[in-house]
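Residue numbers (the numbering used here), protein chains in the order written: chain A, 1 to 327; chain B, 1001 to 1415; chain C, 2001 to 2311.
Every residue gets a Cβ at the ideal spot worked out from N, C-alpha and C, and that includes glycine.
Predicted model, so just to flag it, every value in this text is computed and none were measured.
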Amino acid sequence: MAEPSATEPERPHQERADDAVIATRGLTKRYRGGQLAVDGLDLTVPAGSVFGFLGPNGSGKTTTIRMLMGLIEPTSGSARVLGRPMPRASRTVLPRVGALIEGPALYGFLSGRDNLLRYDAADPTADPRTRRERVAAALDRVGLAAAGGKKAKAYSLGMKQRLGLAAALLQPRRLLVLDEPTNGLDPQGMREIRTLVRELASDGTTVFLSSHLLDEIEQVCTHAAVMAQGRLITQGAVADLSAGARGRLVVTTPDAGEAARVLKEQGAADLVVDGDRVTAEPPERDLAEVNAALVAARVRVRGFVLERASLEDAFVALTGEGFDVAG
Amino acid sequence: MAPIDSDDNTTAGEGEELRAGRRKAARYVVPVAVMGVAAATIGLVPALADSGDPDLPKVTAEQLIEKIAKSDVQQLSGTVRINTDLGLPDLGGLESGLMSGMSGGPGSGGDGEGSAADPSAKLTELVSGSHTLRVAADGPDRQKLSLLENAAEYSLIHNGKDVWGYDSQSNEVYHSTAPDGAERPEKDVPGKDVPATPKDFADQALKSVDDTTSVTVGGTAQVAGRDAYRLVVEPKQKGSTVGAITVAVDAETGTPLKFTLTPASGGAAVVDVGFTKVSFAKPDASTFDFTPPEGAKVTEADESDAAAEAPEHGRPAEGDLAEGLDGLKVIGEGWNSIATFDTGAQGGLPTGSEGGDLGGLGGFLGSFGDQVKGDFGSGTVFKTRLVNALITDDGKVYAGAVTKDALVKAADAAQ
Amino acid sequence: MSRAEAQDDRVREPAVATPGGPDAARTPSPLWSLGLLRSELLTTFRRWRTLALLAVLAAVPILVGIAVKIETSDGSSLGGGGGGGGGAGPAFISQVSNNGLFLVFTALAATLPFFLPMAIGVVAGDAIAGESSAGTLRYLLVAPAGRSRLLLTKYATVIAFCLAATLVVAVSALAVGALLFPVGDLITISGTRITYAEGLGRALLIALVVAASLVGIAALGLFVSTLTGSGIAAMATTVGLLITVQILDQIPQLDALQPYFFSHYWLSFADVMREPVYWDDLVKNLGLQALYAAVFGSAAWARFTTKDITA
């Protein structure tokens, strides 16, 4: 195991990686068929963040998460979780990580409680004397206390999802990895999960949340990374990411044709006229001048708004394609 | 630096990739190594066990034969392994059918009078294949011979005047009474005339020692954990199929521990009988106790004449087998003796047209024979690794432990 | 190296871990590892499938017992009068009507060639592959159960099942035998008489030997189980291998290979009923089973600890 890398000089990102909860360097996974699932991923998840891991289905999110959890060995590159290398340090890292990977998996013939007891027993650092209390607390936390004695195969999809979450919450964790946690849930269930995530984050737990739903990420995450086709496209604070993309100017007016002409004169590009709405990429100049020009041309303006860019806009700007395109 | 930092050295790149691959492959070394060690153990242990030929004071062949003759081991128990490879065509059921036919019928299907526990039927099984036997003896009155079978056992117990045969598979018992006392116990125990122990074989072999035979001491050996001398008996004449007979004689007691007959043609031994375990302590008296178990079918010897007669036919030795046949002559002497008789059947092999079981059998056997021609005419030679037989077309049979050429020569000379 | 050495990392942990919160040092006791074994045993023996397999095994002695009872109800003894054959039916069956204890041996001889190893094949084949296809394997591993520890636990559980399955057959046969047939002193196959108590002792020894005879196929099944992600495929492969080997063991041309087939010495358990006990084949059997366990156990380990878990 001691394989000194004498050739490797002190790396500049070393300090940054130290307080990162997850840090990967050139993480690559090529499956046996030759398919490149993850390609040179450099991911940094700061401690205390709620980190959105975004990407269409098939973009390599799950493969990345499996590598982080030590389930898949990277083809090359390295991954560090809680400052320790994975998968080598699985034994010390994983007890402090709760995970929900690709949906819950349960023993249908066991009750919800027995499922949790089994997963808790699988953790060699879990004290068997307090196992029942831990399980009861976890069930309580996800609102399954009443259904704990029911066989898991009788659970609805939402209940299974919650039980999976409960398994991730058996111990106090430093990192929670939640892969598509709201998949298959009704809007009420989704809201509950998001509330739970915010709660956990406020306790200081870092949450790594993968999703293909943009608004979900936008609602709960402080940081985000975007993946497409196995590559990391961008990462950073959600606010910075949206700021990177420019907003759009929206003018509401009954004189749409005239408004469009004026806006074009004023240097706005990409004009779209849709009924009484004219949208355009705002010109470089002061928007007050633009408004004045409209008024001067006797365009009756009902509304004049600069719409802030959404994460989706950021994504489209980055990839040049729609979000739902599968990699 | 300290190993604490060692896991910081996870670096990206090709090296890592290669190492990971090598690490994976390295794990498969474990099962391969386990297999290697096992193979080495299986290969080496017998070799190591063999290597220690004991250092014993030199003896001459005469002294050794005398030692065997003087040997008076009354108490003994052990396990005997018999391997017989006569080189008969592997006919499976037919072969054993022939064997039971030879033994006079009992035990063969449909013969209601036979008992599965009949000694003669059981012990002729020893003529082919590999068998494990257990023997125990305590004086002339108490002996036990057990043939170990799959999940079953055939036991032949001689205790005083009772002789019991017990076949555990069918839960059948055979009972006969031997004359009281030690008048001729060896001979009167049914089945005892079927050689089973190395001593039985050795006695047979040493009977034939005469001027056609060379007897030498061929070093020492370890048999069943005991030091032994190897007595090598070889025919001096050419033409015999017998290569050599080796008898391992216990250095202490003079008991033959192992008997090996190797054919002149080389290869594996035709007959290999030896103790794998032996003890000269007095066997537990309960070994010889026998009372028929509840529900067992008991056949008394005098109930079935056929069963009592059977041992006479049960001898595998070719001489005995031929005794009942008319016109038997023995040509030659010593190892090259050839038994000959005239079946009177013109046309050599009985053919199918003559009808009957034998006809079918003959036609079938014909396909295994070699056609030969000579001054005598022509005939068919049937070969095993030890005994060859020539059946001429005019119905004469020549058989012996001699080569094909010797048979043809004998046939020619007889013309 | 990776996962196996992960344990070593614990020693160095203080250098990295920050105090407080979730890091508050949990000092695990080595005994806590047994929690997984306990959980595994509970999970296995609470499965409907496991109980069904055991029920089938328990039914075999009942059927054999009733069949023998009917066959011998006219007072005749089984196999008697049929001539020298006696080859029909499992070993010892001719003695069952005389002594109920023989039903234990008969039942084990009847179930050992197929029913018992098939049950083991199902449980062993499903051990890893079943968890994999249910998806629960990934959660056990991130718990983290540890791959070597999980594999060892699985194997220990399969061995426990071998023992349980054998004892179920033996106990069922003992009860049925005592109920339907006379019991008492019995005759060994060497023709000597032993007391019923000693007979019981030998029956227990035989049950243990039979259970040990299944250790090899258990390891084989576990190895197959690490190769595939489908529990059904692993079970089918293991049972298929079992049948293939049983058939090959009957082909005379392969006699040079046969001593290395895991099933070759299975019936040697009958040697316990000889007087004195004939140990040679029993020892060979146990050695062979240990060899299979070592080879396929380590192959399963090599495979499982380097395998990508994608299900």
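In terms of CA proximity to residue 2110(C), 2166(C) leads the group 2072(C), 2166(C), 2124(C).
Taking residue 2041(C) as the centre and dropping the five residues before and after it, the same chain places the C-beta of 2157, 2160 closer than 8 Å to its C-beta, in chain order. CA-CA distance, residue 120(A) to residue 2038(C), rounds to 12 Å.
Collapsing the DSSP output to three states places residue 101(A) in coil. The C-alpha of residue 223(A) is placed about 14 Å away from the C-alpha of residue 55(A). Nearest CB-CB separation between residue 1075(B) and chain C: not below the 8 Å threshold.
Around the beta carbon of residue 2195(C), fewer than 16 other beta carbons sit within 10 angstroms, so the residue counts as exposed. Distance from the CA of residue 2299(C) to the CA of residue 2219(C), rounded to the nearest whole angstrom, comes to 9 Å. Two segments are said to touch when three or more pairs of C-beta atoms, one from each, lie closer than 8 Å; by this definition the stretch 1398 to 1413 of chain B touches the stretch 1372 to 1384 of chain B. Residue 199(A) sits exposed, since fewer than 16 C-beta atoms from the chains shown fall within 10 Å of its C-beta. Contact between the stretch 2212 to 2229 of chain C and the stretch 2124 to 2135 of chain C is present: 3 or more CB-CB pairs across the two stretches fall below 8 Å. Counting only unbroken stretches of 3 or more residues, the beta strand (DSSP E) elements lying wholly within the stretch 1364 to 1414 of chain B are 1370 to 1374, 1377 to 1383, 1388 to 1392, 1396 to 1400, in sequence order.
Residue pairing by DSSP places residue 1164(B) opposite 1157(B), 1175(B) in a beta bridge. Residue 227(A) carries a strand assignment under DSSP once its states are collapsed to helix, strand and coil. By the rule that beta-carbons nearer than 8 Å mark a contact, residue 210(A) does not touch chain C.
In this structure, residue 2112(C) keeps its C-beta atom at 8 Å or more from the C-beta atom of residue 2183(C). Secondary structure at residue 1250(B): strand, using DSSP grouped into helix, strand and coil. Listed in chain order, the beta strand (DSSP E) elements of length 3 or more contained wholly in the stretch 19 to 66 of chain A are 20 to 30, 36 to 41, 44 to 46, 50 to 54. Per DSSP, residue 212(A) has no beta bridge partner at all.
In the DSSP assignment, residue 277(A) falls within the beta strand (DSSP E) that extends over 277 to 281. The Cβ atoms of residue 177(A) and residue 65(A) sit closer than 8 Å to each other. Shown in chain order are the members of the stretch 114 to 131 of chain A whose Cβ falls below 9 Å from a Cβ of chain C: 114, 115, 117, 118, 119, 120, 121, 122, 123, 124, 125, 126, 127, 128, 131.
Cβ-Cβ separation between residue 1056(B) and residue 1339(B): approximately 40 Å, too far for a contact (criterion under 8 Å). Among the CB atoms of chain A, none fall inside 8 Å of the CB of residue 2260(C).
Taking a contact as a CB-CB distance under 8 Å, the pair residue 1039(B) and residue 1173(B) does not count as one, their CB atoms being some 46 Å apart. The way I'd put it, the stretch 134 to 152 of chain A does touch the stretch 107 to 120 of chain A; three or more beta-carbon pairs between them come closer than 8 Å.
Residue 2117(C) sits in a helix when the DSSP states are folded into three classes. For residue 2147(C), no CB of chain B lies under 8 Å from its own CB, so it is not counted at the interface with that chain.
Think of a sphere of 8 Å around the beta carbon of residue 2309(C): the chain A residues whose beta carbon falls inside it are 66, 71, 72, in chain order. With a threshold of 8 Å between beta carbons, residue 2136(C) makes contact with chain A.
By the criterion of at least three beta-carbon pairs nearer than 8 Å, the stretch 1213 to 1230 of chain B is in contact with the stretch 1056 to 1073 of chain B. Close to residue 1024(B), with beta-carbon spacing below 7 Å, are these residues of chain C in chain order: 2306.
Taking a cut-off of 8 Å on C-beta distances, the stretch 2120 to 2127 of chain C does not touch the stretch 2270 to 2281 of chain C, as fewer than three cross pairs fall below it. Cβ atoms of residue 2242(C) and residue 2117(C) come within 8 Å of each other, at about 5 Å.
Scanning 2310(C), 2285(C), 2259(C), 2216(C) for the CA closest to the CA of residue 2295(C) turns up 2216(C).
The Cβ neighbour count for residue 2139(C), taken over all protein chains shown within 10 Å, is at least 16; the residue is labelled buried.
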